[in-house]
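Here the sequence shown stands for residues 16 to 163, where the numbers follow the numbering used here.
Ideal placement from N, C-alpha and C gives every residue a C-beta, glycine not left out.
What you are looking at is a predicted structure, and each value in this text was computed from that prediction instead of being measured.
Okay, so here's the structure we're looking at.
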Amino acid sequence: MEDTKKLLLYFRNSLAFSYSWLVVCTVLFSLAGGGVNLNTLLLVKILVLCAWGSACFVFSFFTRFMKKRGFIFDLTIFFVLFIPVEILMFYWMKIFEGTGTVILWVILGVFVLICYITCIVIDVVVMKKRAKVYTDKLLEYNAKKSAD
Numbered sequence: 016m017e018d019t020k021k022l023l024l025y026f027r028n029s030l031a032f033s034y035s036w037l038v039v040c041t042v043l044f045s046l047a048g049g050g051v052n053l054n055t056l057l058l059v060k061i062l063v064l065c066a067w068g069s070a071c072f073v074f075s076f077f078t079r080f081m082k083k084r085g086f087i088f089d090l091t092i093f094f095v096l097f098i099p100v101e102i103l104m105f106y107w108m109k110i111f112e113g114t115g116t117v118i119l120w121v122i123l124g125v126f127v128l129i130c131y132i133t134c135i136v137i138d139v140v141v142m143k144k145r146a147k148v149y150t151d152k153l154l155e156y157n158a159k160k161s162a163d
C-alpha cells in the first residue's frame, strides 16, 4: 500500500508541475499573439496530455519493475510511451493541423533528440563520477581491513 501512495504522490506532483508549466506557457503564447484560442476545451486537452505524461513518467522511473533497469532504458521506455500520444494530442489540439508542417516536425524531432542526448550525457558523466567515488571508498575500506 505504501508503494501505491508513493506512486500516486509522484503522479500528483508531476501532473501539477507539468500542467501549471504548460498552462503558463500557453497563456504567454496566447498573450503574445500566437493565435492560440485559450478556452476550457484546450485546458482539458492540456490536462489529458499532462496526465498521460505523468503516468508514463511514474511508470518509467518509479515502479519496482522499472527500477531494476538502467536510466537510459527507463528514459527510452518513457519516450516510446509518451511521444506517440504527444503527437496525437498535438493534432487534437490543432497544433499540427492537417499533416503538420515540415518545420514543426523538425522542431519536435530536434527537441526530442536534444533532450535524449542531454540525458545520456548527464547519465554518463554522473555515473562515471559515482563509480569513481564508489571505487575509491571500496579501495579505502579494503586497505583499512587488510591493515587490521
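- Shown here, M81 sits in a helix according to DSSP, grouped into three states.
- Here DSSP, grouped into helix, strand and coil, assigns T19 to helix.
- Counting only the Cα atoms, I61 lies some 9 Å from T41.
- Taking the Cβ atoms as the reference, F105 lies roughly 16 Å from C71, outside the contact range of under 8 Å.
- Counting along the chain, the unbroken alpha helix (DSSP H) around G124 starts and ends at 117 to 162.
- The beta carbon of S29 lies closer than 6 Å to those of S69, F72 in the same chain, with the five residues before and after it left out.
- Secondary structure at A47: coil, using DSSP grouped into helix, strand and coil.
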